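S.K.: The structure under discussion is supplied below as structure tokens; questions concerning it will follow.
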Amino acid sequence: MKGKSSKRDILRVLGYVFRHYKAHVFVVLLGIIGSSLATLVMTLFMEVLIDDYIIPLTLSSVRDYSSLAFAIMRLSLVLFVGVLCSYVFNRVMVNVTQGSLNNLRKDLFSNMESLPIKYFDTHAHGDIMSVYTNDIDTLRQLVSQVFPQLVHSSITLISTFISMIVLDVPLTLLTLFMVSLMLFSTFKISGLSKKYFFSQQKEIGKVNGYIEEMMEGQKVVKVFCHEKKAIEDFKVLNEELRESSYKANMIASISMPLNANIGNLSYVLCAIFGGFLALSGHVGLTIGTLVAFLNLNKSFSQPVTQLSQQVNSVVMASAGASRLFALMDEEPEKDDGYVELVNVKTDEYGNLVECREKTNSWAWKHPHKADGSVTYIPLEGEITFNGVDFGYSGEKMVLHDIRMYAHPGQKIALVGSTGAGKTTITNLINRFYDIQDGKIRYDNININKIKKPDLRRSLGIVLQDTNLFTGTVMENIRYGRLDASDEECISAARLANADDFISRLPDGYDTMLTGGGASLSQGQRQMLSIARAAVQDPPVLILDEATSSIDTRTEALVQKGMDRLMKGRTSFVIAHRLSTIRNADCIMVMDHGRIIERGTHEELIEKKGRYYQLYTGKGAGNE
Amino acid sequence: MRKLARYFGKYKVNAILSPLFTFAEVLLEILIPFIIALIIDKGIEGRNMDALIRYGVLMVICALFSLISGVLAGKNAAKAATGFSANLREGMYGRIQEFSFSNIDKFSTPSLVTRLTTDVTNVQNAVQMILRILVRAPSMLIASWLMCFAINRELSLVFFFAMLVLGCVLFAIAKITMPIFQNVFKRYDELNGSVEENVGAIRTVKAYVREDYEKKKFDKASDNLYRMFVKAESLLAFNNPVMMFVIYSCIVMVSWFGAHYIANGVMSTGNLTSLLSYVISMMMSLMMLSMVFVMITMSSASVKRINEVLSESVEITNPEDPVMSVSGGSIDFENVTFSYKKGSGKNVLENIDLHIKSGETVGIIGATGSGKSSLVNLISRLYDVDSGCVKVGGIDVRKYDVETLRDSVAVVLQKNVLFSGTILENLRWGNEKASEEECKEALELASADEFVENFPDKYNTYIEQGGTNVSGGQRQRLCIARALMKKPKILILDDSTSAVDTATDAKIRKALSEKISETTKLIVSQRISSIESADRVIVLDSGHVDAFDTPENLLKTNAIYREVALAQSERGGDFDQE
């Protein structure tokens, strides 16, 4: 089962190479054939050299080298063509290998970008990354070396085999027997080394996991003086890894000397058997033929030895390919929406008309399948939740019967403990996840009908994790709307209160940010992400714990920026700081996936319920 | 690379044996074409069946020995290389355990992990290659040439010249391509870095519908990388043809001159065949050598990264004659100045002079970056001061045995982690021999007993790696309990209840002040409610002590404290929640 799928993956890599580089592969094949044939011509020449040229020379009294000279000239010409072929195939192969890897990489990335958020939730980022680094690297070896080697070796094998048959059948059979012995041993060894190789990979995984955990907690190790214990535990795992890695490598290293010497044995047997035949006057076997045959015998076992060396690369590549294709075959995010967001203007009759130019007024274009008519609904930013149930895994519900109405321009605050489902609600609005039951409507359109890109374009998001990208400050702000002018970006930065600190950076707006903006403070990063949302200028905003990791003094600055941004927009705010919450039009208190209280700050204080407890710090039963 | 040689350790024997066996293998392999010549000349052409069998048997024996030495060489090389890498890993790991906080800060966690895993594997492969091929190729080269020399001097000189030419060309190619490759690999790392960035920021990418934008960006970078790779590798594409050209030239020459020699009776036909095989093995060895050269240069980046870890000088070490017990819980800062990079002039703390009595509860407040964590980290000597000194129990912290000091000064770090294992196992980090009762007490103090009791497996609940199966607030409380296990003289809570709700936070503080009243407690917090019940509060402002007084006085006299207090009281409470 496993063997079959790994074969399929390897074939798929081959198909991948071939699909994009048909002409190249053809040229490479020609080149390999050309250079292999040159080698073959040379071997054949060596056979006749002694019988046809040298022995007559030793026999005749007149030393006439002209025929030999002519033959050697001819040979040189062929060999020269062979060298040219070899250059051509090596050079073209570079494009094929690197081009295929490039295509694989791009396809991989492109597919990864289209995967649903759920995929990233359930797969360790390190695992995804190792596909790009380790797994693609194993394929480099496969494409650039194993494939050409395979072609080359099979051509040598076939041509040598034919030559051998022509020279002598019994000796050929003997050689075949020995070669099958080599193949058998290679097969056995590779089976064994595969087993140890896999156990080595398992041990590596264990050691890596342990190292990762301990490095992550290194400071804690120091604080608890736990160094000795940490080393002891590591030693045990490390020794296990060494043992299995030793076995895997040892078994793999046996195959070369073993095959080479079976080759030698095959040579001796042929020499003795052939000698016996030749000396006993076996028909058609001259001394010259025997010598020629022995040469062929050598060139027949060499490619087998070489191929057996590639077995490990193939095992590794098949493992790499299977992980790579697993990521590539992952189901992309589905989008069945058909309602689009378009620019509109109002015609003389007061109707909305779709237009191509930028008008700064937007509408939902809603085609009706039944009668083929199209209606335009102005984009306003009304969001309603109606009896929404949701669970990440399908069985365990994390949200129950959520009902919520946000009118355009209203500010809705969500409060409650971690795991109460606040963030989950916002993830449903932009359809990072799809709900199990109920309906979410945007401007009275079921969001399932809206094309995802258009839906998300109409929602601005500021998260606690700022996620800045490598690039200039300006580029990071422009991420919100790619066609925004410099002026628009700068005025967005002003709105977010970020202009001040940006102009104090060494290169102002052209300052390069790396490592997610590591050179900036958390507050500064947050202001940039607010500016980014401001440039986008969406009617609906989601602010998820945007100020939670900022100290009180910086927070005031960020808060001002946020307040300006929220003005006139429907906003969903998740926060645990009251300054952010208290002026909300409606506060939803969440607990275990349900909305347990709702109302304005004053109403909720009046009520003396859960909100009041949180607000005053007087948790029931906690005193 | 040389510096690392000592990591062969007890596998040094294998590291020496492997080249020896390889050498034997090479000698036998060289002998074989010689015997082949004898088989052809004496046996076949001499029409002597006895000789044929005799030399045949000799060759079989040679092949057998060659097989044995080959296997032994491989086995020893594998043993030496894997043993080496295990020792190296252990050495690095041990080194990292000695690292002080400032050393850890310098290397990021993922970079340390890569160094311990990928880099070590790269070096292991290189070592195995070196042990096998670096011995095999040159000895093969020399021995083959010597055999040629024995057969025919003139031709062997021609070969020598050809080898020289080939060697020069191959090494020139390797030399030219190396810097290009290093550049390419740097770009490759950058590309992978941007993938990592994308994976981490996938929510932002999707929220802004920037999938296509990112794809285009990636495609451009990837295409660029492709072009650079092609540029570098198209030079390497000359390797094979050049080698073939030289081999063919040699063979043509052997055929031409060989024919003359044979015709003149100076050389046998058997010699001709062995000459041919020696030529081929010589050129093959050169090819392998150039390959190894490339391999070594490629792994040199890994060696460099490994050496960076190994040669990192550890800043905090035990003093001679260390003080082995901490007498009291008083803390004194005497004119302390501290920076993360010594001599950078960017002082995180400046002229700190503070005196905290044993058993006192002290709050620390200040904006992010004002130096709160830096201040408390000096107490358990997680960092060393630039100037001045920090005293615990009246003695300079640099005079204590580090373990003794840290057992008495328990820090609950801001960014804290639990390890995979049961809750009890995690708690016993604080005290290996602690009984279950003691663990329960600590949990009770940290208000963690209730939720632990509610877990199906209670105290034996398995904590996943990184503590992902408990909530943020629960994790923080478990971390506090773990620190309490030490029964410390000084307890430092560095923003360790930020995810715990206000009420539980108050409960923990109450329990701490009642049950372990004699312990000095330092509480760093953003939350005014966490420190307003402290005996005294330190207000930090960009590395300076702005004030150090009782909360009541501060409210009257200190502007910063008042501002924060007012802002937070105006907001009433705080919705920090577990």
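Residue numbers (this note's numbering), protein chains in the order written: chain B, 1 to 623; chain Y, 1001 to 1578. We put the beta carbon where it would ideally sit given N, CA and C, even for glycine. What you are looking at is a predicted structure, and each value in this text was computed from that prediction instead of being measured.
1. Taking only the alpha-carbon atoms, compute the straight-line gap between H123 of chain B and N1454 of chain Y and give it to the nearest angstrom.
2. Is DSSP giving N1318 of chain Y helix, strand or coil here?
3. Run the CB neighbour count on E1518 of chain Y, radius 10 Å, all protein chains shown included, and call it buried at 16 or more, exposed below.
4. Between which two residues does the beta strand (DSSP E) holding D92 of chain B run?
5. Could you tell me the distance, in whole angstroms, from the CA atom of V1537 of chain Y to the CA atom of L1349 of chain Y?
6. DSSP three-state call for H1544 of chain Y: helix, strand or coil?
7. Using a C-beta cutoff of 8 Å, does E602 of chain B count as contacting chain Y?
8. State yes or no: is the beta carbon of P1186 of chain Y nearer than 8 Å to at least one beta carbon in chain B?
9. Under the criterion of a Cβ to heavy atom distance below 7 Å, does D107 of chain B qualify as lining the ligand GDP?
10. Run through DSSP, which three-state label would S1387 of chain Y get?
11. Tell me, please, whether the CB atom of S67 of chain B is closer than 8 Å to any CB atom in chain Y?
12. For H366 of chain B, which residues does DSSP report across the bridge?
13. Enumerate in chain order the residues of its own chain whose CB-to-CB distance from D135 of chain B is below 6 Å, with the five nearest sequence positions on each side excluded.
14. With a Cβ-Cβ cutoff of 8 Å, do P1110 of chain Y and S1274 of chain Y count as a contact?
15. Give, in chain order, every residue of the region 1189-1200 of chain Y whose Cβ lies closer than 7 Å to some Cβ of chain B.
16. What's the gap between the Cα of G1573 of chain Y and the Cα of T1502 of chain Y?
17. What's the gap between the Cα of E1196 of chain Y and the Cα of Y132 of chain B?
18. Is the separation between the beta-carbon of T186 of chain B and that of F300 of chain B shorter than 8 Å?
19. Under 8 Å between beta-carbons, which chain Y residues line up against M129 of chain B? List them in chain order, please.
20. What are the boundary residues of the alpha helix (DSSP H) that includes I165 of chain B?
21. Compute the Euclidean distance between the alpha carbons of S76 of chain B and Y1248 of chain Y, then round it to the nearest angstrom.
22. In the DSSP assignment, find the unbroken beta strand (DSSP E) run with D1332 of chain Y in it and report its ends.
23. Please identify the residue among Y:P1551, Y:V1323, Y:M1243, Y:A1301 whose C-alpha is closest to the C-alpha of M1288 of chain Y.
24. On the three-state DSSP scale, how would you describe T286 of chain B?
25. How is the alpha helix (DSSP H) around N1125 of chain Y delimited, first residue to last?
26. Report the residues of the region 1438-1460 of chain Y with a CB closer than 7 Å to any CB of chain B, ordered along the chain.
27. So, is the C-beta of E606 of chain B closer than 8 Å to a C-beta in chain Y?
28. G381 of chain B touches chain Y at which residues, Cβ-Cβ below 9 Å?
29. Checking the sheet assignment: what are the DSSP bridge partners for S571 of chain B?
30. Under a Cβ-count criterion, where at least 16 other Cβ atoms within 10 Å of its own Cβ denotes burial, should I1061 of chain Y be classed as buried or exposed?
31. Could you give the residue range of the beta strand (DSSP E) that holds E1350 of chain Y?
32. Let me confirm a value: A620 of chain B is counted as buried when at least 16 other C-beta atoms fall within 10 Å, else exposed. Which label applies?
33. Cβ of I1531 of chain Y less than 8 Å from any chain B Cβ?
34. Can you say whether E152 of chain B is buried or exposed, counting buried as having 16 or more other CB atoms within 10 angstroms of its CB?
35. Can you give the beta carbon distance from S1299 of chain Y to V1123 of chain Y, rounded, assuming they're within the 8 Å contact cut?
36. Measuring CA to CA, which of B:D52, B:F469, B:K451, B:V81 is closest to S67 of chain B?
M.R.: Let's see:
1. Mapped onto the first sequence, residue 123 of chain B falls at position 123. Mapped onto the second sequence, residue 1454 of chain Y falls at position 454. Roughly 29 Å separates the two Cα atoms.
2. For this step, residue 1318 of chain Y is matched to residue 318 along the second sequence. Note: N1318 of chain Y maps to coil in three-state DSSP.
3. Sequence index remark: in the second sequence, residue 1518 of chain Y carries index 518 (1-based). The residue in question, E1518 of chain Y, is exposed, as its Cβ has fewer than 16 Cβ neighbours within 10 Å.
4. Along the first sequence, read from residue 1 onward, the residue named residue 92 of chain B stands at position 92. The sequence given here places Val at residue 92 of chain B; Asp does not occur at that position. Where V92 of chain B is concerned, there is no enclosing beta strand (DSSP E), although the alpha helix (DSSP H) it sits in stretches over 66-113.
5. Position 537 of the second sequence, counted from the first residue, corresponds to residue 1537 of chain Y. Position 349 of the second sequence, counted from the first residue, corresponds to residue 1349 of chain Y. If I take the Cα positions, the gap works out to 17 Å.
6. Sequence index remark: in the second sequence, residue 1544 of chain Y carries index 544 (1-based). Here H1544 of chain Y sits in strand by DSSP.
7. For this step, residue 602 of chain B is matched to residue 602 along the first sequence. So no, E602 of chain B is outside the interface.
8. Counting from 1 along the second sequence, the entry for residue 1186 of chain Y is found at position 186. For the sequence presented, residue 1186 of chain Y should be read as Lys rather than Pro. Cβ-Cβ to chain B under 8 Å: no for K1186 of chain Y.
9. Among the components modelled here there is no ligand, and therefore nothing to report on the ligand GDP.
10. Numbered from its first residue, the second sequence carries residue 1387 of chain Y at position 387. Reduced to three states, the DSSP call for S1387 of chain Y is strand.
11. The residue you call residue 67 of chain B lines up with position 67 of the first sequence. Any Cβ of chain Y closer than 8 Å to the Cβ of S67 of chain B would place that residue at the interface, and such an atom is absent.
12. On the first sequence, residue 366 of chain B is found 366 positions in, with the first residue counted as 1. Per DSSP, B:T375.
13. Within the first sequence, residue 135 of chain B is the residue found at index 135, counting from 1. Correct list, in chain order: G320, R323, L324.
14. Against the second sequence, residue 1110 of chain Y aligns to sequence position 110. Against the second sequence, residue 1274 of chain Y aligns to sequence position 274. Result no, Cβ atoms of P1110 of chain Y and S1274 of chain Y do not sit closer than 8 Å.
15. So the close ones are N1192, S1194, V1195, E1196, E1197, V1199, G1200.
16. Stepping through the second sequence from its first residue, residue 1573 of chain Y is reached at position 573. Stepping through the second sequence from its first residue, residue 1502 of chain Y is reached at position 502. With a pLDDT of 46 at G1573 of chain Y, under the threshold of 50, the predicted position of this residue should be treated as unreliable, and no value is reported.
17. For the purposes of this step, residue 1196 of chain Y is identified with residue 196 of the second sequence, where counting begins at 1. For the purposes of this step, residue 132 of chain B is identified with residue 132 of the first sequence, where counting begins at 1. Annotation: E1196 of chain Y to Y132 of chain B spans about 10 Å, alpha carbon to alpha carbon.
18. Reading the first sequence from its first residue, position 186 is the one you call residue 186 of chain B. Reading the first sequence from its first residue, position 300 is the one you call residue 300 of chain B. Result no, Cβ atoms of T186 of chain B and F300 of chain B do not sit closer than 8 Å.
19. The residue labelled residue 129 of chain B in the question sits at position 129 within the first sequence. Residues of chain Y with a Cβ closer than 8 Å to the Cβ of M129 of chain B are, in chain order, N1192, V1195, E1196, V1199.
20. For the purposes of this step, residue 165 of chain B is taken as residue 165 along the first sequence, with counting starting at 1. Secondary structure note for I165 of chain B: its alpha helix (DSSP H) is the uninterrupted segment 147-167.
21. Here residue 76 of chain B corresponds to residue number 76 of the first sequence, with the count starting at 1. Here residue 1248 of chain Y corresponds to residue number 248 of the second sequence, with the count starting at 1. Cα-Cα distance, rounded: 8 Å.
22. Taking the first residue of the second sequence as 1, we reach residue 1332 of chain Y at position 332. Per DSSP, the unbroken beta strand (DSSP E) holding D1332 of chain Y starts and ends at 1331-1338.
23. What you label residue 1288 of chain Y is simply residue 288 of the second sequence in a count that begins at 1. Ranking Y:P1551, Y:V1323, Y:M1243, Y:A1301 by CA distance to the CA of M1288 of chain Y puts Y:M1243 first.
24. Looking up residue 286 of chain B in the first sequence gives position 286. Here T286 of chain B sits in coil by DSSP.
25. As a first step, residue 1125 of chain Y is located in the second sequence; it is residue number 125 there, counting from the start. 1120-1129 is the extent of the alpha helix (DSSP H) around N1125 of chain Y.
26. Within the region 1438-1460 of chain Y, no residue has a Cβ that lies closer than 7 Å to any Cβ of chain B.
27. The count along the first sequence starts at 1 and reaches residue 606 of chain B at position 606. Not closer than 8 Å to any Cβ of chain Y, the Cβ of E606 of chain B fails to qualify, so no.
28. Here the question's residue 381 of chain B lines up with position 381 in the first sequence. Within 9 Å of the CB of G381 of chain B, no CB atom of chain Y is found; the nearest one sits about 16 Å away.
29. Here the question's residue 571 of chain B lines up with position 571 in the first sequence. DSSP lists B:K411, B:L541 as partners of S571 of chain B.
30. Start at 1 with the first residue of the second sequence, and residue 1061 of chain Y comes out as number 61. With fewer than 16 Cβ atoms within 10 Å of its Cβ, I1061 of chain Y is classed as exposed.
31. Counted from its first residue, the second sequence places residue 1350 of chain Y at position 350. Residues 1349-1356.
32. In the first sequence, residue 620 of chain B corresponds to position 620, counting from 1. In this prediction, A620 of chain B has a pLDDT of 39, which is less than 50 and means its spatial position is unreliable; nothing more can be read from the coordinates.
33. Within the second sequence, residue 1531 of chain Y is the residue found at index 531, counting from 1. For I1531 of chain Y, not one C-beta of chain B is nearer than 8 Å to its own C-beta.
34. Residue numbering aside, residue 152 of chain B sits at position 152 when the first sequence is read from its first letter. Checking the displayed sequence, the identity of residue 152 of chain B turns out to be His instead of Glu. Answer is buried; the Cβ neighbour count reaches 16.
35. Counting from 1 along the second sequence, the entry for residue 1299 of chain Y is found at position 299. Counting from 1 along the second sequence, the entry for residue 1123 of chain Y is found at position 123. About 6 Å; that satisfies the 8 Å criterion.
36. On the first sequence, position 67 is the one that residue 67 of chain B refers to. Selected option, being the one with the closest Cα: B:D52.
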